[in-house]
Each structure stands twice: as C-alpha cells, then as structure tokens.
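K.L.:
The structure's right below; bear with me while I get my questions together.
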Amino acid sequence: MSAAQPVLEVESLVKSFSARSVLNPLNVRRIPAVDGVNLTIGRGETVAVVGESGSGKSTLGRLVLKLLRADSGRISLVGREIQHLSDAAFRPLRRHVQMVFQNPLMSFDPLYTIGGSIRETMRLRRNGEVDDRQVSQLLHEVGLAPRFARLRPRNVSGGELQRAALARALAPYPELVVLDEPTSALDMSIQGQVLSLLREMQQERGLSYLLATHDLRVVQMVAHRVVVMYLGQVMETAPTRELFARPLHPYTLGLFYARDLAGRSEASDRKYRIRGALSYPPAGYTGCRLVGRCPLALEKCKEPQDLVTVAPGHAVRCWRAAAGETSGGASNVSN
Amino acid sequence: MQADIVNVAQLPPELPPVQPSGQIRQLWGERAQVFNGYWVVLGLFVVVAILAPVLAPYDPVRSDLPNQLLAPSWQHWFGTDIYGMDIYSRVLWATRTDFSIALIGVLLAVIVGVPLGAISGYLGGLADDALSRFSEMIQAIPLFLFALMVFAALGNSSRVLVGVVALVNAPIFLKLTRSVVLPLRGADFIAAARCAGLRPIQVVIKHILPNALAPVSSQFSISCAYAIQITAGLSFLGFGVPIPYPEWGSMIQEGASRIIYGEWWTSVFPGLAVLIAVLGFGGVGRQLHKMYAS
Amino acid sequence: MLAEPRHVEESALRLLEIGQLEVVAQTQRESVKLLRGIDLWLDTARLGVVGESGSGKSMTAAAILGLLPTGIRVTRGSIRFAGRELLGLPESDLQEIRGKQISIVYQNAVTSLNPLMSVGDQIARVCRVHTGVSRAEAWRRAVEMLASLGIADAANRARDYPHQFSGGMAQRVAIGAALICGPKLLIADEPTTGLDATIQAQVLDVITESVRRTGAALLLISHDLGVIQATTDSVVVLYAGLVMEIGGTDAVISSPLNPYTQGLVRALTPKDDGTIQFIPGRVPEPQTISEQCPFASRCPLVTQRCRVEKPLLRELRPGQWVACHNV
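Residue numbers (our numbering), protein chains in the order written: chain X, 1 to 335; chain S, 1001 to 1294; chain H, 2001 to 2327.
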C-alpha cells in the first residue's frame, strides 16, 4: 500500500432524513442517518463499515457516490473535494468511484443486456471509447465467459450477476469501489467465490473498497480496517485483526456475542447482550445512543462521548471502554 | 482438500444459459397464450379499414333517393339509409374514420402524457404538483361538457375531434406513467445509471420510459376503446365528423329517428360495429395487461 | 432413503416421521424432482433442518402442512404425525390440524400477518376458530400470550397493527398466533433470517423459551448452522432434496461424517488467517440431477459410484445416520 494521498477522506459528514408522521403531518422528526462521521481509505485498502439496520452504513456509501446530498461535512475523493459539486461538475469525477449493490437482480436494468449495462458505465473512461473486446476482457477478469455480454439479467444466476456487477463497477478503472452488502443476497457457497474475487481484483488493480456489511465473517475475510457504526455514529474503529482480538465497545461486543449464539450463558448475557430494539433518541439528546440497550450503561453515559484513541489505529466512543472496563478479552466472546 | 481461495478459473463450468431472447421472440414462443380472438377481431377491422375502397360495393356518399330505407337484402346487405346510401359500404368506410380518429387521438395522448408523466414522477416536487393538478383539472370536467366547450371555441371539424380525444386521454397516461415511475426512482439500476454519469433526462429516456412502457401499452388499447366511444358519441351529437362522411356515431344518430318506424337496420349495424370494436380493443388491452403482469 | 429398517417400537413413539418423501414440480414441459426421497424423524424435542437454497427444506415444511403450491405435489412417501398419516387427508382434516396441532412461523413476520387486523384480533381469531371460546376469553388469552412473549404493555399493544411493530416484535406476534392453541409441533421456517444480529438472538430465545413452556416440539429450518447449533438438539442436513446426515446437533457439528456436512461445519468458523473455507462450486439445478448423489459435482471424495447411484442413510454411529458411499 503506497503512502500516497488517501483515496477517500470523509470529515464530519452529516445527513439527516425528515420523517413525517402520517397521522400528525406537523410532527416532523429528523432522523440522523449519518451524524458526524470521519473516515479515511488509503490506496489498496478495504474498510468495512459494520452495523445493523439504521446504522447509516448504506447512507454513507451513497453519500460518497453523491447519490444523496450531504447536509454538511467534507468528502474528498482522490484528493478533490466533492461535497459541494453540482451533478454536472461531479460527472467527470464519477469514473473514480463506483458501486456494487446488494441485490444483483435489481441493480441491472431488466431490458438491457449485461454487455449493454457494462458499456454504459464504460463510457466514463477518460478516452470514452467503448468496444466489445474490452467488455469481453472485463467479463473474463471476473470469471465470466464472453457470451454473458449478450444475456439479460433474468437469465443469469445471482452469483454470476454479482460478478457482472463488479465488472461493470470496474469498467471505468475506478480507484474506489463502494459495496453495499455485496453478498447477503447470495447463497453461502457463492458468497465465498465473490469474496475471493474481490480480493483478487484488489490485488491486481490496487483497488480500495468501502464495504458496508452486517456480516462479521465477510469483514474478517476481506477488510483491512473496520468501522462499527450505530445510529449514524462511529462507535469503534480498528484494524481488523485488532478488532477481532480486542473488541472494546459494548456494541461491538454485543455484535460478536449475538453472532456466537451457541456459546451464551446467563453470566455472559449480563455482560454483553444488547437488549431491546433500535430507537432514535429524542431531539436534543447528546449522550451515547446505546443507552437503554447497553448492559454497561451508567449515568455518565448520557453525557456527550468522544471518539478516543486507545491504541494505534484503534479508537472507541465509550468512556468505559477507553478506561478498560468493558472487555474480558477475546476468549470470552469472539469466534 | 480443495484450496481455500478459489481460483475462479477452476470453477465447474456454468450451466448452459437460457436462449437469449428478446421480448418479441419470447412472445412468439408463447403466442398461443398471447394472441387470441380479440387480436383477430382488431386485425379484421384494420384490414377492412385499409381495403374499404375495394370491399365496398357502393359509393358511400352517393345519394340514391329512390332506393331509400330498403331493408337488408342481397343487393344491400345492411340495407339503405334515409338518403338511399348503402349502409354496408358506409359501415366499411366508417371503419377508417373511427379508427383513424381514435388511434391518432390516443397516440397524441401518449406522446404528450407519457413523457410528462415520467418527468412528473422522476423529478417530483413542484413539477410533479403542477402537472398533476393540471391533469386533474382536465379530468374533473365532464367529457361532453368539455367537448362542447372545445368545439364552441375551435369550430366543428374532425381535427378538433382528434384533439378532444387526445386531451381527454392525456391525463390518464400522465397519471399512469407517473405511478409506474415513482417506484422505479429508488431502484438500484437507476442508481447505477446515475453512477454511470447519466444526466436525469438521459436516465428518464434510457431507463425509466422503457420500463414504464408495459402498462402504457395495455392502457393504449383500452384508451382506444374509450376513444371510439367518444368519437361515436360526439358525432352522434353532431360534433366532429360532418354528415355525410361515414362515421358510426353519426350513422346511429341518423337512424335513431327511424327505429320507431321499424327500420332498425339503419342504427343497428353501425351500433354493432362500435360494440365489436370497443370489445376488441378492451380485450386486447386486458390481454396485454395480463401478459405484462405475469 | 434408508438402507436398514428402523425398529417398530421406535416409530410408534415419534411425533413426526417422514419416510421416503418425494416431491415433484410439474410444468407443461417437464417434471422436476425437488425432494428425492427424504427420511427424517423427530426423536428429540427440537429438530433442526439445515440446507442451502434449493435443498428442499421449505418444501418439506409445506408438504407436512399440505400447503404445497399449485403445480407441486407429493409423488411418493409418507408423513406420519403422532402415528397418523397426513398425506392424502382431506382438506377439512388438514385445516383441523393446522394451527391446532401443527403451526408454522415464516421468515418475514410483518408480511405474514394480516395488515388490516390488530395483532390481538389475529391471535384471538386463531384461538376462537379452533377452540370455540368466547370473544372476550379469546382476547384475554391473546393478551396473556403476548405478555409471555416479552411484549411490554401487552394489553394496549394488542390493539396495534402489524406495521407498528419492528421486525423482531412482529415475529413474536407471529409466534404467539402459532402457539395460542397449544400445538404439539411448531415449525419455524427461517424465523430470524433478515433480522438484525442483536434481534436474532432475542427471537431465538423467545422461540426456545415458549416451546419449552408450552411443551411443543420444534422443527427449526435454517441455512445458518450457527442458529441450528444454538437452538436444536438434533439436526437433519439436506442438500438438493436429499438427506445427507441426521444426528444429535452437537455430535454432527463436532464430528460430521458426510463430506457436505463437513464442508458446512468448516465454513462455520474462520481459519486463523481470517479466511473462511467455503465449499467450492454451487448447488446444481434440480433438473440436472438424476439418480445419483447430488453432491457429486462438488465432493472431494467423489467416485464413479457417486455419479450413478443415490446413497442410502446408514447408521454409522449410534444415533448418527449418514448418506454417503465413501465413509
């Protein structure tokens, strides 16, 4: 990995949605989907954003692609600031970042052939040239025969279609690919193949990935660094190996705990289990958003919490975690 | 044991693909299900419309008073009307009139309504509100009242009639297209098109409109059925196609006053033509809808 | 298919026993076997059925309840519930059984509940249909059930509609409707797939706790071996319509005998370097499999015999049955 400038830099990014209650239209709630997120991705690096529904991981990806407009904050793509750019001004930069969506069948226009869809994205290339030979070349790189260019999405299996989606994303030679749950809609066996392909492509082309997922196994297999999000905020961030060896934030611990269903007990329940269900905090609340579900919550948690660095590259937003009061170590919880 | 990182080239060969088929080829394969009696009926009408000059034994507008109001016979299959004109020939020629007015009118409605509906659905906001309210205004006015207003303002001719048909049907296509486009807005393949750098107008033309065509085509047929009724109805009232040009509605109107005298054939045959044409269009429309819905 | 006959006394005690079940999907052009002769039995209180997509696990559940979609039917085999043969029963008898003796919960609870009825009404209705108690009594029981499933303020929440519940809560409602009449068997078809990880654990706990409390047996269907491991005592491993292995959950997972099961277990935990060993290849289309072992195309132990002969279940260890030619 070169020490050159990062491929992506995100600073204090904020995006809220307003939800209007059907019964009371005057009651508008602002839901902070992404609430002050900082993130950096270097060349050839994979950063996994982990979270459950409502965490903001998908919104983050869409903000980077400017499919959504951020409320505030800074996004820098291959060294250029893009958050303020209009659609037209951003267009020439689109070739630097592409996306692979969760459901491959819905991410292709059913009326277009696969080759047609790939060609559409290929037009972003610098020289703008598009030809069949290059389409076949791309398909070959992802392990698909050239005949797939003439097929329509409904005649192709899920795993193959996701590989075609990757081919389409790679068509303009981007530096960064955003993947939104790329394997959750796929069969178990196929998941492994797609993940292997992702690793291969990264090594060959020096790609960077921003991978949004809820599946910790995917993280373990392809990510260099992990960012754990909850309700729009970063709760913990660390290199993958470090996070799996030494998870600190109660939410991260809760995720690991929920994954290991067979190894639970009353005692560990008390320490690690995340209770209740997701609920957005009332307007004006600035404390930790996990309060109410966190097994280790105390009064002090209702004060604003900052992201504190506890080890090189490892930061956590929890005063108790920073003080070492949360984890019993890897042996209790992970794998 | 197998290697853990799978080299994609070593994977077992993929299964043979389903024959790549365009929609037309797929239709041909399912033709027994798709094409049914309704299509045949419409096809017959089209043939009649094209070949009317050849098929009609008499000149449809040549009056022949000595032979007025003859009952159906071997010389005049559908009888003659009050001016002595052969009803059979007139019904055949009227197919041209009615079909062309209906088809052109609905086509205009599609050309205006569908793109506006797509824009309305895709852009949302003020454009959506403005277009929707405007089309609702048109829809709120009762048909015949509306037609009366238009004819009073622009004069009584078949061109204006075509315009009325178009104007009355455009809101239907606008709303229909809009309702199809709204859920498409959030579709991943639309997002992918935006990631490919397409401008909104390009997204609408290349991805939204083609995917919206399915329900539009079945609505087209149903609107034609409606258009035939409008045409015949307005001509019955004296608007649109002037006498003596053959047109089903005006023919029905002419014959209406003769029915009490027992001369039923003057109204019944053009009436049947309207009925069958409307049923034909309606049947085709439902068939298309079923086909796309599956 | 079984290679050795089981003892008669054992059969009489089992709550559910499926023998050589074959299910076929019939279209105008072809008929495709979806289940190729399944044997499974409920020996313990909680049985798991694990398999990928195309394994036929949902078809099995549908067949038990007599709810196979049109065009799909049973062509061979037997399904015995409490000693009674279910296949061939008239619809009226099956309706008696559904909801009262055998219940099912599905994957997406919010869509499997009626959006136009309050949740209390839905549970109460199931109760009334099968037991004929009064409206008031049925409502009371519904509220009691919701409370026992961990829904706070049950009396008021019973008046709410399904869309007002989150995924995990809605699944509890569905479980309530399934258990209200005290069925002998609860089938749960991927009950937690699609739910958040933290909610998944909660719902599984609700399921295990409530079947324990009501004394029902559990048939849990899932593609996730981790879920099966945490919730069941015995497990059936299905692949492409055939049973590969049956045995105690702990035994099967700690020492799997069938190569497919071994692959599944291996994919459960990542290796030291972080990679996960998935099974290479993919599940074949049902119409491409003839009388053979369906796993032949991906099996590391494959021999010529595997490609032409279907393996039969043999009891290789006490309580552990395996279908494979090569172990």
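Idealized CB from N, CA, C, for every residue including glycine.
1) Tell me whether X:THR40 sits in a helix, a strand or coil according to DSSP, three-state version.
2) Is the CB-CB distance between H:ALA2217 and H:LEU2042 below 8 Å?
3) Is H:VAL2105 near H:HIS2223, with beta carbons less than 8 Å apart?
4) Find the residues of chain X that neighbour H:MET2169, judging by a C-beta separation of less than 8 Å, and give them in chain order.
5) Compute the Euclidean distance between the alpha carbons of S:GLN1139 and S:PRO1171, then round it to the nearest angstrom.
6) Any idea if S:MET1149 is buried or exposed, counting beta-carbon neighbours within 10 angstroms, 16 or more meaning buried?
7) When the Cβ atoms of the segment 1103–1118 of chain S are set against those of the segment 1253–1266 of chain S, are three or more pairs found closer than 8 Å?
8) Classify X:GLU45 as helix, strand or coil using the three-state DSSP reduction.
9) From which residue to which residue does the beta strand (DSSP E) around S:TYR1083 run?
10) So, helix, strand or coil for X:ILE31, using DSSP?
11) For a test of the three-state rule: what should DSSP assign to X:PRO6, helix, strand or coil?
12) Does DSSP classify S:ALA1225 as helix, strand or coil?
13) What residue range is occupied by the uninterrupted alpha helix (DSSP H) comprising H:ALA2082?
14) Examine the Cβ distances between the segment 1083–1095 of chain S and the segment 1117–1132 of chain S and report whether three or more of them are shorter than 8 Å.
15) Check for me: the alpha helix (DSSP H) holding H:GLU2285 runs from which residue to which?
16) Taking just the CA atoms, how far does X:GLU160 sit from H:CYS2324?
17) Kindly indicate the opening and closing residues of the beta strand (DSSP E) around H:ASP2039.
18) With a cut-off of 8 Å, do at least 3 Cβ pairs link the segment 2297–2306 of chain H to the segment 203–223 of chain X?
19) So, for X:ARG168: in the same chain, excluding its five sequence neighbours on each side, which residues have a beta-carbon less than 7 Å away from its beta-carbon?
20) Would you report the Cα separation of X:GLY232 and H:THR2208, rounded to the nearest angstrom?
21) Using the three-state DSSP reduction, which class does X:VAL78 fall into: helix, strand or coil?
22) Return the chain-ordered ranges of every alpha helix (DSSP H) run that is complete within the segment 2235–2259 of chain H and spans a minimum of 4 residues.
23) Got a sec? Which residues, its chain only, sit under 8 Å from S:THR1080 by beta carbon, not counting five neighbours each side?
24) Considering only C-alpha positions, which residue in the set H:GLN2020, H:LYS2271, H:ARG2125 and H:LEU2312 is nearest to X:ARG217?
25) Taking 8 Å as the CB-CB cut-off, is X:PHE108 touching chain S?
26) Counting only beta-carbon atoms, is S:ALA1127 nearer than 8 Å to chain X?
27) Buried or exposed for X:GLY94, please, with buried defined as at least 16 other CB atoms from any protein chain shown within 10 angstroms of its CB.
28) What is the residue span of the beta strand (DSSP E) that X:GLU129 lies within?
29) Please list, in chain order, the chain H residues whose beta carbon lies closer than 7 Å to that of X:GLY192.
30) Measure the Cβ-Cβ separation of H:GLY2056 and H:LEU2086 and say whether it is below 8 Å.
31) Whole angstroms is fine: what's the gap from S:GLN1023's alpha carbon to H:ILE2279's?
32) Can you tell me the Cβ-Cβ gap for H:GLU2052 and H:ARG2036, rounded? I've got them flagged as a contact below 8 Å.
33) For S:SER1257, report the span of its alpha helix (DSSP H) as first-last.
34) If we cut at 8 Å on Cβ distances, does X:HIS214 have a partner in chain H?
35) Alpha carbon to alpha carbon, how far is H:ARG2266 from X:ILE336? Give it in angstroms, no decimals.
36) Going by beta carbon distance, what residues of the same chain come within less than 6 Å of X:CYS288, once the five residues before and after it are set aside?
P.N.:
Reading from the atomic positions:
1) As a first step, residue 40 of chain X must be located in the first sequence, where it is residue number 40. In the three-state scheme derived from DSSP, where H, G and I count as helix and E and B as strand, X:THR40 is classed as strand.
2) Counted from its first residue, the third sequence places residue 2217 of chain H at position 217. Counted from its first residue, the third sequence places residue 2042 of chain H at position 42. Taking 8 Å as the cut-off, the Cβ atoms of H:ALA2217 and H:LEU2042 count as close.
3) For the purposes of this step, residue 2105 of chain H is taken as the residue at position 105 of the third sequence. For the purposes of this step, residue 2223 of chain H is taken as the residue at position 223 of the third sequence. Going by beta carbons, H:VAL2105 and H:HIS2223 fall outside the 8 Å limit.
4) Taking the first residue of the third sequence as position 1, residue 2169 of chain H is located at position 169. Simply ALA277.
5) As a position in the second sequence, residue 1139 of chain S is number 139, starting the count at 1. As a position in the second sequence, residue 1171 of chain S is number 171, starting the count at 1. Distance between the alpha carbons of S:GLN1139 and S:PRO1171: 7 Å.
6) The sequence position of residue 1149 of chain S within the second sequence is 149, counting from 1. Under this definition S:MET1149 is an exposed residue.
7) Cβ pair count under 8 Å is below three, so no.
8) What you label residue 45 of chain X is simply residue 45 of the first sequence in a count that begins at 1. DSSP places X:GLU45 in coil when its eight states are reduced to three.
9) Within the second sequence, residue 1083 of chain S is the residue found at index 83, counting from 1. First-last for S:TYR1083: undefined, no H or E at that position.
10) For the purposes of this step, residue 31 of chain X is identified with residue 31 of the first sequence, where counting begins at 1. In the structure shown, X:ILE31 falls within a strand segment according to DSSP collapsed to helix, strand and coil.
11) Here the question's residue 6 of chain X lines up with position 6 in the first sequence. Here X:PRO6 sits in coil by DSSP.
12) Counted from its first residue, the second sequence places residue 1225 of chain S at position 225. Correct three-state label for S:ALA1225: helix.
13) Sequence index remark: in the third sequence, residue 2082 of chain H carries index 82 (1-based). Following the DSSP letters along the chain, one finds H:ALA2082 in no alpha helix (DSSP H), marked with neither H nor E.
14) Contact between the segment 1083–1095 of chain S and the segment 1117–1132 of chain S is absent: fewer than 3 CB-CB pairs across the two stretches fall below 8 Å.
15) For the purposes of this step, residue 2285 of chain H is taken as the residue at position 285 of the third sequence. Here H:GLU2285 belongs to no alpha helix (DSSP H), and DSSP marks it neither H nor E.
16) As a position in the third sequence, residue 2324 of chain H is number 324, starting the count at 1. As a position in the first sequence, residue 160 of chain X is number 160, starting the count at 1. Computed Cα separation, rounded: 30 Å.
17) Walking along the third sequence from the start, residue 2039 of chain H turns up at place 39. Counting along the chain, the unbroken beta strand (DSSP E) around H:ASP2039 starts and ends at 2031–2041.
18) Pairwise C-beta distances place the segment 2297–2306 of chain H out of contact with the segment 203–223 of chain X, as fewer than three of them are shorter than 8 Å.
19) On the first sequence, position 168 is the one that residue 168 of chain X refers to. Within the same chain, X:ARG168 has close Cβ partners SER117, ILE118 and THR121.
20) Position 232 of the first sequence, counted from the start, is the residue given in the question as residue 232 of chain X. Position 208 of the third sequence, counted from the start, is the residue given in the question as residue 2208 of chain H. X:GLY232 and H:THR2208 have their alpha carbons spaced roughly 33 Å apart.
21) By 1-based counting over the first sequence, the position of residue 78 of chain X is 78. Note: X:VAL78 maps to coil in three-state DSSP.
22) Here the runs fully enclosed are 2249–2254.
23) Counted from its first residue, the second sequence places residue 1080 of chain S at position 80. Within the same chain, and ignoring the five residues on either side of S:THR1080 in sequence, the residues whose Cβ sits closer than 8 Å to its Cβ are ASP1064, ASN1067, GLN1068, LEU1069, LEU1070, ASP1086 and ILE1087.
24) As a working note, residue 217 of chain X is residue 217 in the first sequence. For the residues H:GLN2020, H:LYS2271, H:ARG2125 and H:LEU2312, the minimum Cα distance to X:ARG217 belongs to H:LYS2271.
25) Sequence index remark: in the first sequence, residue 108 of chain X carries index 108 (1-based). Yes, because at least one Cβ of chain S sits closer than 8 Å to the Cβ of X:PHE108.
26) One-based indexing of the second sequence puts residue 1127 of chain S at position 127. Residue contact with chain X for S:ALA1127: absent (no Cβ-Cβ distance below 8 Å to any residue of chain X).
27) Locating residue 94 of chain X in the first sequence gives position 94, counting from the first residue. Reading off the sequence shown, one finds Arg at residue 94 of chain X, where the question assumed Gly. X:ARG94 is buried by the Cβ-count criterion.
28) Position 129 of the first sequence, counting from 1, holds the residue named residue 129 of chain X. No beta strand (DSSP E) holds X:GLU129; DSSP gives it neither H nor E.
29) Residue numbering aside, residue 192 of chain X sits at position 192 when the first sequence is read from its first letter. Identification of chain H residues near X:GLY192 by a Cβ-Cβ cut-off of 7 Å yields ILE2276 and PHE2278, ordered along the chain.
30) Position 56 of the third sequence holds residue 2056 of chain H. Position 86 of the third sequence holds residue 2086 of chain H. The answer is no: Cβ separation not under 8 Å.
31) For the purposes of this step, residue 1023 of chain S is identified with residue 23 of the second sequence, where counting begins at 1. For the purposes of this step, residue 2279 of chain H is identified with residue 279 of the third sequence, where counting begins at 1. Unreliable positioning characterises S:GLN1023 in this predicted model, as indicated by a pLDDT of 49, which lies under 50. The coordinate reading is nonetheless provided below. Cα-Cα distance, rounded: 37 Å.
32) Here residue 2052 of chain H corresponds to residue number 52 of the third sequence, with the count starting at 1. Here residue 2036 of chain H corresponds to residue number 36 of the third sequence, with the count starting at 1. Contact check for H:GLU2052 and H:ARG2036: beta-carbon distance about 15 Å, past the 8 Å limit, so the pair fails to qualify.
33) One-based indexing of the second sequence puts residue 1257 of chain S at position 257. Here S:SER1257 belongs to no alpha helix (DSSP H), and DSSP marks it neither H nor E.
34) To locate residue 214 of chain X, count along the first sequence from 1; it is residue 214. For X:HIS214, the answer is yes, since a Cβ of chain H falls inside 8 Å of its Cβ.
35) Residue 336 of chain X cannot be examined here, being either before or after the span of chain X that is shown, 1 to 335.
36) Counting from one through the first sequence, the residue named residue 288 of chain X turns up at place 288. Excluding positions up to five away in sequence, the list reads CYS301 and GLN305.
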